[in-house]
Amino acid sequence: MSKEITSRNEDYAQWYNDLVLKGGLADYSAVRGCMVIKPYGFALWEKMRDALDKMFKDTGHVNAYFPLFIPKSFLSREAAHVEGFAKECAVVTHYRLKNDPAGGGVVVDPEAKLEEELIVRPTSETIIWHTYKDWVQSYRDLPLLINQWANVVRWEMRTRLFLRTAEFLWQEGHTAHATSDEAVEETRRMLEVYASFAEDFMALPVIRGVKTASERFAGAEDTYCIEALMQDGKALQAGTSHFLGQNFAKAFDVKFLNKENQQEYVWATSWGVSTRLIGALVMAHSDDQGLVLPPKIAPLQVVIVPIYKGEESRQLIDSKAKEIHDQLKNLGVSVKYDNSDNSRPGWKFAEYEMKGVPVRVAIGARDLENNVVEVARRDTKEKKTVGLDGIAQYIDGLLTDIQHNLFKKAKEYRDQHITPADSWEEFEKLLDEKGGFIAAHWDGTAETEAVIKEKTKATIRCIPLDNKKENGQCILTGKPSVQRVLFARAY
RNA sequence: CGGGAGGUAGUUCAGCCCGGUAGAAUACGUGGUUUGGGACCACGGGGUCGCAGGUUCGAAUCCUGUCCUCCCGACCA
Numbered sequence: 003m004s005k006e007i008t009s010r011n012e013d014y015a016q017w018y019n020d021l022v023l024k025g026g027l028a029d030y031s032a033v034r035g036c037m038v039i040k041p042y043g044f045a046l047w048e049k050m051r052d053a054l055d056k057m058f059k060d061t062g063h064v065n066a067y068f069p070l071f072i073p074k075s076f077l078s079r080e081a082a083h084v085e086g087f088a089k090e091c092a093v094v095t096h097y098r099l100k101n102d103p104a105g106g107g108v109v110v111d112p113e114a115k116l117e118e119e120l121i122v123r124p125t126s127e128t129i130i131w132h133t134y135k136d137w138v139q140s141y142r143d144l145p146l147l148i149n150q151w152a153n154v155v156r157w158e159m160r161t162r163l164f165l166r167t168a169e170f171l172w173q174e175g176h177t178a179h180a181t182s183d184e185a186v187e188e189t190r191r192m193l194e195v196y197a198s199f200a201e202d203f204m205a206l207p208v209i210r211g212v213k214t215a216s217e218r219f220a221g222a223e224d225t226y227c228i229e230a231l232m233q234d235g236k237a238l239q240a241g242t243s244h245f246l247g248q249n250f251a252k253a254f255d256v257k258f259l260n261k262e263n264q265q266e267y268v269w270a271t272s273w274g275v276s277t278r279l280i281g282a283l284v285m286a287h288s289d290d291q292g293l294v295l296p297p298k299i300a301p302l303q304v305v306i307v308p309i310y311k312g313e314e315s316r317q318l319i320d321s322k323a324k325e326i327h328d329q330l331k332n333l334g335v336s337v338k339y340d341n342s343d344n345s346r347p348g349w350k351f352a353e354y355e356m357k358g359v360p361v362r363v364a365i366g367a368r369d370l371e372n373n374v375v376e377v378a379r380r381d382t383k384e385k386k387t388v389g390l391d392g393i394a395q396y397i398d399g400l401l402t403d404i405q406h407n408l409f410k411k412a413k414e415y416r417d418q419h420i421t422p423a424d425s426w427e428e429f430e431k432l433l434d435e436k437g438g439f440i441a442a443h444w445d446g447t448a449e450t451e452a453v454i455k456e457k458t459k460a461t462i463r464c465i466p467l468d469n470k471k472e473n474g475q476c477i478l479t480g481k482p483s484v485q486r487v488l489f490a491r492a493y
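Here our numbering is used: the first residue of the first sequence is 3, the next is one more, and so on.
Printed below as a string of structure tokens:
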């Protein structure tokens, strides 16, 4: 994102809405805080979903589906869990409407009150562990490696398009293991799946880390996360993987017989990423002209735009363009030849730029004479005249280039925005003037963390997994510390 | 739930202070001319002004109530 937008941080949401709404990605629906994902935006989600799903399957997981409604009592089985989610649950209390006796319209039928209210899942741990109880009896049933693609609802007080909508799409993996070590290993494995997906597919560099106790998932023993940096200097939690210990197994009485014929509680993990990733993608790579998509998840990788005058030249261009189209298709490139007569070339250029299509090929009468086309890349906006010989291979290579370049650019920005701070003044100054991650010493207490958050709105994003030990003094209290942690203001 | 702004055509908004036939741009439809960075001309379709009351000869405009949306905060993936 360009400097103008960075300096317009206050209006960031507005810019984002404009781009995304007008760009055909999404709309707010009539339902408070929910989103309509238009076809192009959904195609983007599908690309991400399919790539992730393949990675889950490659690591031995299978998909299943569990109910949307959860009996209220399930939620309260795990103390920390209910504490964490109770405040944001949508509740179903009745199952029928009737005609309003007082006039037109319908009212809730008071006769149809549910004996036990149902909550709309904010996450599925409870109903899944309730189900797992019947699925697990012996160590031979373990591990249980299941994922579900679903929608969940969290009645947040304030919503933000893609980053925090009331309803969102996600996947949630829920696994059961015979040993603690195995569950921890799974937790870390899935974190790495998320990290490599973010980096290899989304071109989004992430920091792999572990959350502090106060930022932990409700009911988890440990929460691992990938943290990304947006172009405005704010951090975004892009995915989480939780080691749940035996908390849910105990709450839902999920035991198995081990080899020694003894009853034991299973060890659990859960992990998820959501449509928030679409937001991450937009905010990590976009510029003032709209979306910039990494080729690996762009629904459309190449668009060919003809420029013609009159029917005769149109036919000539058509046949050449279709040749290029077919060559690209044979290479497995997602390509569209837009020869619609409804809009002019300039309009098409702007349109596909806004949609983030990585490569545009323009072909006109002038090009035909010289046996060339004009190839424009979205990431750098460079335009180049390229000969028709081997054009498909050239473009295919260009897509790889763009993918790498986007990651490189984002990583350079990210790395430049991890700044050490050794005094409180420096810490505050960096937050206000530079943004990004700030590596600072922390005394390890939740109290200090809370005070820092209160004073600066910055939270500890994570303790990086590869963090090096270093003695120092807490940025706030001056108490001894053994390592720096990453602070940032976050979405 | 606190503080602010707002609800008028598919969309973005003007009109409201100072009451008097519902407006613009854009989008849409038809016809034509165009096409190397969001074309132009002509004609055309489209809104019970969020909802409910009140004041008035007359309300988008004034008054009361109500619902909803957006932004800022508390809360959070």
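Where is the CB? At the ideal position from N, CA and C, for every residue including glycine.
As assigned by DSSP and simplified to three states, the class of residue i
| i | result |
| --- | --- |
| T125 | coil |
| Y134 | helix |
| W426 | helix |
| M37 | strand |
| I440 | strand |
| R491 | coil |
| R486 | strand |
| Q303 | coil |
| D2 | The question about residue 2 has no answer, for the chain in this structure spans 3 to 493. |
| S140 | strand |
| Y30 | Unreliable positioning characterises Y30 in this predicted model, as indicated by a pLDDT of 46, which lies under 50. The coordinate reading is nonetheless provided below. In the structure shown, Y30 sits in a strand (DSSP, three-state: E or B). |
| R160 | coil |
| K100 | strand |
| K411 | helix |
| V337 | strand |
| A178 | strand |
| G399 | helix |
| I477 | coil |
| E80 | coil |
| K455 | helix |
| R51 | helix |
Status (buried if at least 16 other CB within 10 Å, exposed otherwise) for residue i
| i | result |
| --- | --- |
| M232 | buried |
| M37 | buried |
| N65 | exposed |
| H244 | buried |
| R79 | buried |
| Y67 | exposed |
| L99 | exposed |
| Y134 | buried |
| P482 | exposed |
| G235 | buried |
| S182 | exposed |
| G62 | exposed |
| R51 | buried |
| V155 | buried |
| T387 | exposed |
| T225 | buried |
| L478 | buried |
| E223 | buried |
| V484 | exposed |
| A452 | exposed |
| V108 | exposed |
| F409 | buried |
CB contact flag (residue i, residue j, <8 Å)
| i | j | result |
| --- | --- | --- |
| H419 | G399 | no |
| P360 | Q303 | yes |
| A237 | R463 | yes |
| I465 | V208 | no |
| F258 | A180 | yes |
| V363 | I326 | yes |
| F429 | A442 | yes |
| A490 | I440 | yes |
| E174 | G274 | yes |
| I405 | A178 | For the sequence presented, residue 405 should be read as Gln rather than Ile. Cβ distance not < 8 Å, so Q405 and A178 don't count as in contact. |
| A270 | A300 | no |
| V93 | I121 | yes |
| I228 | A197 | yes |
CB-CB length for residue i against residue j, believed under 8 Å
| i | j | result |
| --- | --- | --- |
| W172 | T242 | At roughly 11 Å, the Cβ-Cβ gap does not stay under 8 Å, so W172 and T242 are not in contact. |
| D343 | I306 | Rounded, the Cβ-Cβ distance is 15 Å, inconsistent with contact. |
| G221 | N249 | 5 Å |
| F203 | A53 | 5 Å |
#### Entry: the segment 285-295 contacting the segment 348-364, beta-carbon criterion three pairs below 8 Å
yes
### Query
So does the segment 155-173 actually touch the segment 279-288, counting three or more Cβ pairs closer than 8 Å?
yes
#### Entry: At least three beta-carbon pairs within less than 8 Å, the segment 367-387 to the segment 318-334
Touching, yes.
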